[in-house]
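The sequence shown lines up with residues 1 to 349 when you count with the UniProt record's numbering. Beta carbons: idealized from backbone N, C-alpha and C, even for Gly. The structure displayed is predicted, hence computed values, not measured ones. Input: a single structure, listed below in structure tokens.
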Amino acid sequence: MLSVDGIPSENGIFQEVSQEVKNLQEDIKTGKFKNAYLLFGEEAYLKIQYKEKLIHALNPDDDTMNFTKYEGKGIEVREMIDLCETMPFFADHRVVLVENSGFFKNKCDELADYMKTLPDYLRLVFVEEEVDKRSRMYKAVKNCGRIVEFAKQDEKTLMRWAAGILAREGRKITTRDMELFLTKTGTDMGNIRMELEKLITYTMGQDIVTREDIEEICTTRTENKIFDMVRAVTERNQRRALDLYNDLLTLREPPMRILFLLSKQFRQMCLAKKMAGEGASQNEIATRLGVPSFVARNILACARAYSVEELEQAEEDFVDAEEAVKTGRLQDVLSVELLIVKYSTERKR
Numbered sequence: 001m002l003s004v005d006g007i008p009s010e011n012g013i014f015q016e017v018s019q020e021v022k023n024l025q026e027d028i029k030t031g032k033f034k035n036a037y038l039l040f041g042e043e044a045y046l047k048i049q050y051k052e053k054l055i056h057a058l059n060p061d062d063d064t065m066n067f068t069k070y071e072g073k074g075i076e077v078r079e080m081i082d083l084c085e086t087m088p089f090f091a092d093h094r095v096v097l098v099e100n101s102g103f104f105k106n107k108c109d110e111l112a113d114y115m116k117t118l119p120d121y122l123r124l125v126f127v128e129e130e131v132d133k134r135s136r137m138y139k140a141v142k143n144c145g146r147i148v149e150f151a152k153q154d155e156k157t158l159m160r161w162a163a164g165i166l167a168r169e170g171r172k173i174t175t176r177d178m179e180l181f182l183t184k185t186g187t188d189m190g191n192i193r194m195e196l197e198k199l200i201t202y203t204m205g206q207d208i209v210t211r212e213d214i215e216e217i218c219t220t221r222t223e224n225k226i227f228d229m230v231r232a233v234t235e236r237n238q239r240r241a242l243d244l245y246n247d248l249l250t251l252r253e254p255p256m257r258i259l260f261l262l263s264k265q266f267r268q269m270c271l272a273k274k275m276a277g278e279g280a281s282q283n284e285i286a287t288r289l290g291v292p293s294f295v296a297r298n299i300l301a302c303a304r305a306y307s308v309e310e311l312e313q314a315e316e317d318f319v320d321a322e323e324a325v326k327t328g329r330l331q332d333v334l335s336v337e338l339l340i341v342k343y344s345t346e347r348k349r
């Protein structure tokens, strides 16, 4: 069974975290806050969790008089600064939350200048998806506050985190079945958490979560349905590949999106096969492709069905198919079907 030592805490947030997060946790625990915070990064689930913890710690009584939220790229900077300059009403702090402002990607000199003279009562919290670490705003927050980046978690951490949540509910799972689970959910922690809740409810009264449970209750992302289709193609199982394609069309997936994802899978197979031929390890291939190691293993398995030359030809065929659709020479549904048929046809002996 999968080991879960040391990763999940009682509320499902990591115990083993970066120093940046530890510093934020300490601020929340002690109540000694910086004037400004910037939370950013690709891992939305953790970012949201810590944003909510920080805001609750800063504003435990949900005081609407001294809490203001700004969101989006149309924020009036002068208006926001004027609000920040307003003393809190019968409270120690004025809390201002700013989300997805774009201030850390686009030039915002007026606010960057203001960050040098923040009043002691102000607690300014920025939550962003992307930032430019060279920007004046990034440097300004770094000088007067705290910056915390929430990066995508690696597969081993995600597996142990998910297994830890299951363990708290009295469930165990094998490493291979956890790999299957993550293959279906992807690496987004919010989606993983949601699918775990479904799985826990479905397996009520069981000690072990099985492959059958996962297949029965967990939702497969479109990208993974595409991979199932690719696997059928590489196995020369033409009927199954076409059935899966029709299933995607029934789910109203646009043919051009299917073509894009199919092309991406074949590009990954081509690169993986070339790297394997040069002696690269599975982990090195996974890093280059930007996928978990077990996904790289599956890609390599599919790539064995073709030569490098065939995979390179497939890449050209996908580009040609897209061009044919865009110029009206080929209907979009048919373009994908023809590619599926071509690459799932048994080789002539």
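Taking its Cβ as the centre, do 16 or more other Cβ atoms sit within 10 Å of residue i, making it buried, or is it exposed?
| i | result |
| --- | --- |
| Phe235 | Residue identity check: residue 235 is Glu in the sequence provided, not Phe. Looking at its Cβ environment, which holds fewer than 16 other Cβ atoms inside 10 Å, Glu235 is exposed. |
| Thr203 | buried |
| Asp82 | exposed |
| Val141 | buried |
| Val96 | buried |
| Asp243 | exposed |
| Met87 | exposed |
| Thr185 | buried |
| Ser101 | buried |
| Phe318 | buried |
| Gly145 | buried |
| Gln268 | buried |
| Glu155 | buried |
| Ser335 | buried |
| Phe150 | buried |
| Asp92 | exposed |
| Leu251 | exposed |
| Asp109 | exposed |
| Glu346 | exposed |
Residue i: which of the options sits nearest, CA to CA?
| i | options | result |
| --- | --- | --- |
| Leu124 | Arg94, Lys107, Tyr245 and Ser135 | Arg94 |
| Met137 | Tyr37, Ala296 and Val291 | Tyr37 |
| Thr105 | Leu262, Gly190 and Glu128 | Residue identity check: residue 105 is Lys in the sequence provided, not Thr. Checked all of Leu262, Gly190 and Glu128; the closest Cα to Lys105 is Glu128. |
| Phe266 | Tyr45, Cys302, Gly277 and Arg239 | Cys302 |
| Ser293 | Met87, Leu182, Ile214 and Glu346 | Leu182 |
| Phe260 | Cys218, Phe67, Glu315 and Leu46 | Glu315 |
| Leu39 | Leu251, Ile217 and Lys47 | Lys47 |
| Asp27 | Asn100, Val148, Tyr45 and Lys69 | Val148 |
| Gln49 | Val336, Met189, Ala296 and Glu284 | Met189 |
| Val333 | Tyr45, Gly277 and Glu253 | Glu253 |
| Leu338 | Gln238, Pro119 and Ala167 | Gln238 |
| Asn143 | Glu52, Glu99 and Lys34 | Lys34 |
| Tyr114 | Phe89, Phe126, Tyr121 and Glu85 | Glu85 |
| Val98 | Glu110, Asp120, Ile55 and Lys139 | Ile55 |
| Glu52 | Gln25, Glu20 and Thr117 | Gln25 |
| Ala321 | Glu212, Ile165, Gly277 and Met256 | Met256 |
| Lys264 | Tyr245, Ser281 and Leu289 | Leu289 |
Leaving out five residues before and five after residue i in sequence, what residues of the same chain have Cβ atoms less than 7 Å from its Cβ?
| i | result |
| --- | --- |
| Ser18 | none |
| Lys152 | Glu42, Glu43 and Thr187 |
| Val233 | Ala241, Ile340, Tyr343 and Ser344 |
| Arg349 | Because the pLDDT of Arg349 is 48, which lies under 50, any placement of that residue in the model is unreliable, and the number read from its coordinates should be weighed accordingly. Nothing listed; no residue qualifies. |
Looking only at DSSP bridge pairs, what is residue i linked to?
| i | result |
| --- | --- |
| Val98 | Tyr70 and Phe126 |
| residue 405 | For the chain, the structure presents residues 1 to 349; residue 405 sits outside this window and is missing. |
| Ile208 | Lys172 |
Looking only at its chain, what residues have a beta carbon closer than 6 Å to the beta carbon of residue i, apart from the 5 residues adjacent to it on each side?
| i | result |
| --- | --- |
| residue 389 | Given that the chain is displayed from residue 1 to residue 349, the structure contains no residue 389 and the question cannot be resolved. |
| Arg78 | none |
| Ile13 | With a pLDDT of only 48 at Ile13, under 50, the local geometry of the prediction cannot be trusted, and no value is derived from it. |
| Tyr121 | Pro88, His93 and Arg94 |
| Phe126 | Leu38 and Val98 |
By Cβ distance, which residues of its chain are closer than 8 Å to residue i, with the 5 residues on each side in sequence left out?
| i | result |
| --- | --- |
| Leu248 | Thr222, Lys225, Ile226, Met229 and Ile258 |
| Met178 | Leu2, Met159, Ala162 and Ala163 |
| Cys218 | Phe181, Lys184, Thr185, Glu195, Lys198 and Leu199 |
| Phe89 | Met65 and Asn66 |
| Asn23 | Arg146 and Val148 |
| Val291 | Gln268 and Ile299 |
Exercise. On the three-pair Cβ rule with 8 Å, is the segment 265-278 touching the segment 309-329?
Worked result: When C-beta atoms of the segment 265-278 are compared with those of the segment 309-329, three or more pairs fall below 8 Å, so the two segments count as touching.
For this session: Would you be able to state if there are at least three C-beta pairs under 8 Å between the segment 122-137 and the segment 150-165?
Result: no
For this session: Take every Cβ of the segment 206-219, pair it with every Cβ of the segment 164-183, and state whether three or more of those distances are shorter than 8 Å.
Result: Yes, the segment 206-219 is in contact with the segment 164-183.
Problem set entry | Three or more C-beta pairs below 8 Å linking the segment 56-64 and the segment 73-81 | As far as the Cβ criterion goes, the segment 56-64 does not touch the segment 73-81, which means the pair count is below three.
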